[in-house]
Amino acid sequence: MYTRILTLSAVACLAAAQLNLSQACTNTLVSIASNPDVSACLNPSALLTIATDTSKSIVDPINNWLTGLCAAPACSNNTLAAIVANATNGCQAELAGLGFQASDAGAVTGIVQQYYPTARKVVCLKDGNTNCVTQTLTNLQTFINPLSIQNIISTFTSSNSPFGNGSLPTNLTCTNCIKAEYNTIDADVPGALGLWKTGAQQQCGAAFVDGTTPAGISQSASTKTAADTQGSGALSLGALSAASFLVAITTGFTVMA
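Numbered per mature numbering (1 follows the signal peptide of the UniProt record, and there is no 0), the sequence shown spans residues -24 to -1, 1 to 233.
Below, the structure is given as structure tokens:
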């Protein structure tokens, strides 16, 4: 479940390039890859192939992106704060439609800084040599083929969606990867997945939420933190992209799940 939420959040961010965004927001999003601080920890350039063709499968591009992201040092708190500040300023109209205002930047920054490490650990879990996000996307592609942005949006917004009743097959929800993701979140944010735990027990059995790490699961996230080449000041308004929303939205889902 968590891999699906985090990954679809990333996909939604990238799909914004296909929407009617304001010029200010477009400029804010498109230019992030040129900022050294953000590039050093989020590897946003690896996502460009998804944004340029929403009809192709996202599995390989997402895998390539996560391979680079997990090997890279983590973003510093200064970089995360700058991302939030500039995203809320550069995309005010778009964020207002979601209920966010520029004045919320301080509160959002605290949330992002608190939960970004957990989100990063979740998306960098591996089962053997396979990233857990990649594994779940590959499994999902057996139902939505190709697993493109266009097909994801149409499937999950269709009244005839096979996932419309909220249930997912066990080969998507009861894998070792999903269990490891649950363990990671539960350890960092105790109680955050209380309701989900009940559903997981019903579908996957009590052993699924017993806290033990499944065999073959490992953590691939680098333990280093990227240095700030721009100091403590905010990034320029044009130095942000879809990855800005990725950090904020995925960590936000981590809190709210």
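Even glycine gets a Cβ: it sits at the ideal position worked out from N, Cα and C.
Predicted model only: the values in this text are computed from it and were never measured.
Residue pairing of residue 101 in beta bridges, as defined by DSSP: 195. By the Cβ criterion, the region 34 to 49 is in contact with the region 103 to 110, since at least three pairs of Cβ atoms, one from each stretch, lie closer than 8 Å. The bridge partners DSSP lists for residue 107 are 102. In the DSSP assignment, residue 16 falls within the unbroken alpha helix (DSSP H) covering 12 to 18. Ranked by how close their Cα comes to the Cα of residue 93, the residues 115, 121, 79 and 46 have 46 in first place. When DSSP assignments are scanned along the region 127 to 178, the uninterrupted stretches of alpha helix (DSSP H) that are 4 or more residues long and fall wholly within it turn out to be 146 to 149 and 152 to 164. At a cut-off of 3 residues, not a single continuous stretch assigned as beta strand (DSSP E) sits fully inside the region 8 to 73. Just measuring C-alpha positions, the residue of 79, 177, 125 and 66 sitting nearest residue 2 is 66.
Within the model, the alpha-carbon separation for residue 64 versus residue 187 is close to 37 Å. Distance from the CA atom of residue 4 to the CA atom of residue 122, rounded to whole angstroms, is 30 Å. Judged by beta-carbon spacing, residue 52 lies beyond the 8 Å limit of residue 117, meaning their Cβ atoms are not closer than that value.
For the set 14, 26 and -3, the Cα lying nearest the Cα of residue 124 is the one of 26.
The beta carbon of residue 185 is closer than 7 Å to those of 158, 173, 176 and 177 in its chain, skipping five residues each way along the sequence. Between residue 100 and the set 202, 28, 62 and 18, the nearest pair of CA atoms involves 18.
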